[in-house]
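Residue numbers (our numbering): -3 to 162.
The beta-carbon is built from N, C-alpha and C at its ideal position, and this holds for glycine as well.
Here's the structure, in structure tokens; my notes come after.
Below, the structure is given as structure tokens:
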């Protein structure tokens, strides 16, 4: 009988919140202290990228457009560009143009954190220009950052000949 009562109390607790400890103890259940799980990082890659670029939200929008917030492909390896195989990772950093510089900086473009760190470094150096080829996608974003150094007064990216993705 105690098992049934305890089971019913747990079931009710699932739907209506925690059952008072006194009710459980009167049913003969053992009180277990609450346990909390602290999460250091967001649960999805999108949340992780948005948190990483919280000071420059346009970079999260670029990641959305470039890779749909994916760092690994279906094969479990680092994501490669659809048009250019040298574009790699969540930020689609072009290895041809950037791998040597990344290595000099001690950054591995193939890891998630390395890909994001290099993108942040590149953004500080060149603004959004390296991702200009995907600008049609991220310029229309609702969450565009104001005061972006690579944007003109109309909010459009200033273009140069060299890009990260081409």
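query, result
"Rounded straight-line distance, which links the Cα of residue 118 to that of residue 69", "23 angstroms"
"For residue 106 and residue 86, believed in contact at Cβ under 8 angstroms, the rounded distance", "The pair is not a contact, with the Cβ atoms about 11 angstroms apart (cut-off 8 angstroms)."
"Neighbourhood of residue 77 by C-beta distance below 6 angstroms, restricted to the same chain and skipping five residues each side", "83, 88"
"Opposing strand residues paired with residue 68 [DSSP bridges]", "74"
"Chain-order list of residues whose beta-carbon lies under 8 angstroms from that of residue 63 (same chain, five-residue window excluded)", "75, 85, 86, 87, 88"
"Proximal residues to residue 41 (C-beta, below 6 angstroms), its chain only, five neighbours per side dropped", "65"
"Unbroken alpha helix (DSSP H) run spanning residue 95, endpoints", "91 to 100"
"Proximity below 8 angstroms, CB of residue 125 to CB of residue 58", "no"
"Sub-8 angstroms separation of residue 90 and residue 100 beta-carbons", "no"
"Nonlocal neighbours in the same chain, by C-beta distance under 6 angstroms from residue 112, ignoring five residues either side", "48"
"Whole-angstrom distance between residue 92 and residue 120, CA atom to CA atom", "20 angstroms"
"Option in 39, 45, 44, 54 with minimal Cα separation from residue 132", "54"
"For residue 125, the three-state DSSP class (helix, strand or coil)", "helix"
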